[in-house]
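Visitor: I'd like to ask you about the structure that follows.
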Amino acid sequence: MAHPAWSEAGRSLGATLDGAIGLEPIAGRTLLMKIVAYGGIFLMALHFGRDRHLARLIYVAVALSAAGYALYGLIEFFGGWRKILWFDKTEYPGSLTSTFVNRNSYATYAGLGVVAALGPLLQEARRLVTGRGTWLRLVQNLSLEASPTFFLLLAAVLLGIFAVVLTGSRGGFMATAFGLFVFMVLMVALRDIGVRQFVAVLVLAVASIFGFLALGGGSLVNRLSTEQYEARVDLFDVARLAAAERPLVGHGLAGFPAAFNRANDGSAVFDNSWVDLAHNSYLELVIEGGMIGLIGSLALLGLTVGLMLQGVFTRARGTSFAIAGLAACALVGAHAMIDFSVQMPAVAATFMLLVGAAAGQSLPGALARTNQNRNDAAESEADSERPRRRARERRPVIPTREEVAARAAALAAERGEAAAAPAAAEPTIASATPFNVDYGSALDRWRQVKQVASANARPRPVPLDTAEPHPDDAALAAPPKAAAPEPPAPAFNPAAGQPPTPGAWPGVTVPGAPVFDPATGQPPTPGAWPGAAVPPAPAEPVDDGLSQPAPDRPSAIIYELPRNRGPRDRKPG
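First residue of the sequence shown? That's -10 in our numbering, and the numbers climb one at a time after it.
As structure tokens, this is what we get:
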């Protein structure tokens, strides 16, 4: 597998040399490190690009960075400084190259910046444009509802296109135009725009390009009107001869300069005596990696393009980044046929970043993971009892009657008012249980509790609402009402020898004594209280309207003892 050039060199030197597959093993290791770095950028963007927010952040950052480079290049170009930062500009002095040396490489980078800006622009335009309307209505919606980032990205598109025109690069200009054309075709395929809108945008783009050419694109017009392909055609002929020497495995990474100049027999004469780049990345890849390297590289690129196409036509959301990624592939792939811009680190790293983020958004599992992460904690808490206990701990404690009464007394003391006197007892009631409630104070307390509950309450996930309601929920649902006083304790009259009678509810007449029927042996109703004497003779029944006489025996008055109503028996008001 060793390259035959090593044996030839050994025979010429009269020494045995350790052979290698490539002609430049040291430079090949350096190039391999670059390729691994580019792959790492792609994998990183693929991972983080699954989050739609991070994917948008990547595209916006690239677009604004490219706009900054374009702005610097425009200032340098129209200012006539002829410098790259603080270095003198020796190559392409009449072209805009920003901080790049080669105008073709910068044209590709500026085109990538334009494509990167179009992805978030399309995403926000889909959000703002709803339904059909006139162009005036569309402009009105965009001007009123668009975010500041939208206008920054729009300015980045205009700056990028203007910079591409001023580079004077024919290949960069045509590759950028092809990338934008692919972007618009995919928009038509997804019905983001109709055919009429596509034609209108195309006419507007062509008019804008002519306007940019009129402003300062004379160099590009001259180069487009003349044919200067002779040197590049001769270079391709020699490169094909070098590739034919080792078509399967090639001459090794970074072996193109040695292989090309070794294959050139002098028939092709170039300005530079030593040619180090093929001006065709595919042909150079065949020379260095053979058909194995070319097929492997195209297979990886094809898988990525297929993934993005699948995302464009199968996913309902996040397709704007996939469209931008496909447009970037079209731009770089087209320019790689006539130049080596993709071999520049700035272009290669930016390209891998954009395509990786677009591929991440095209994966089937790609979601708006920002919202998903916010709900992860809620979904995990729904499977345990922890959130339910915490929610109950946060509920305020309902004050008891004694606390409400004490609070009412304290408020009355602060206001200098006298406490409310207990209600007068009925004549037959010996004593009554005092229950002094200030309804206004209780209502104020309830409002305070509701305010505290609203301030401390946190939104709970939906699965937690399926649990049984807490007993305090009903108490918090309605304001308190004035409670009726409880019935007093039974009264006992020793002089009359009467059994104790239950306290009367308001508005109910209490008879003096229960009735005893000696004919039927009926016991006193209700049963005698413990320790009370049974009267010897029944008293006359009192018609209070609560009982009905039976047809076969004398009527008897039946007392319904009041039930002690606890806090759980009270219905919410």
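Even glycine gets a Cβ: it sits at the ideal position worked out from N, Cα and C.
Bear in mind that the values here come from a model prediction, so they are computed numbers and not experimental data.
1. Give me the Cα-Cα distance between A(-6) and F249, rounded to the nearest whole angstrom.
2. Would DSSP call K78 helix, strand or coil?
3. Name the residue from M176, G345, G38 whose alpha carbon lies nearest to the alpha carbon of S309.
4. Considering L392, what are the terminal residues of the alpha helix (DSSP H) in which it resides?
5. State buried or exposed for P109, treating a residue as buried only when at least 16 other CB atoms are found within 10 Å of its CB.
6. Please identify the residue among V190, S158, T156, V153 whose C-alpha is closest to the C-alpha of F170.
7. Just verifying my parser: in three-state terms, what is the DSSP assignment at I73?
8. Measure the alpha-carbon distance for A397 versus Q437 and round it to whole angstroms.
9. If you check the beta carbons only, do F172 and A337 fall under 8 Å apart?
10. Can you tell me whether DSSP reads D433 as helix, strand or coil?
11. Have a look at V222, A56, N93, D328 and flag the residue whose alpha-carbon is nearest the alpha-carbon of F140.
12. Report buried or exposed for E134, applying the criterion of at least 16 other Cβ atoms within 10 angstroms of its Cβ.
13. Suppose contacts are defined by Cβ-Cβ distances below 8 Å. Is G11 in contact with H(-8) by that definition?
14. Using three-state DSSP, classify E13 as helix, strand or coil.
15. Within 10 angstroms of the Cβ of S(-4), are there 16 or more other Cβ atoms? Answer buried if so, exposed if not.
16. Within 10 angstroms of its Cβ, does I281 collect 16 or more other Cβ (buried), or is it exposed?
17. My output table needs one value for M333: the three-state DSSP class, helix, strand or coil.
18. Could you tell me whether the stretch 29 to 36 touches the stretch 265 to 273, where touching means 3 or more Cβ pairs closer than 8 Å?
19. Exposed or buried, H42, counting other C-beta atoms within 10 Å across all chains shown (16 or more means buried)?
20. Can you tell which of V393, F162, T293, D433 has the C-alpha that lies nearest to the C-alpha of N93?
21. My assumption, with CB atoms under 8 Å, is that L85 sits in contact with G100. Please give the rounded CB distance.
22. Judging by CA-CA distance, which residue of A59, A9, T389, Y98 is the nearest neighbour of L342?
23. Please list the terminal residues of the continuous alpha helix (DSSP H) segment that includes L111.
24. In whole angstroms, what is the alpha-carbon distance linking A317 and F340?
Guide: Reading it off the structure:
1. 13 Å
2. coil
3. M176
4. It should be pointed out that residue 392 corresponds to Glu in this sequence rather than to Leu. Here the alpha helix (DSSP H) through E392 covers 390 to 404.
5. buried
6. V190
7. strand
8. 14 Å
9. no
10. helix
11. A56
12. exposed
13. yes
14. coil
15. exposed
16. exposed
17. coil
18. no
19. exposed
20. F162
21. So it is not a contact: roughly 13 Å between Cβ atoms.
22. Y98
23. 92 to 117
24. 7 Å
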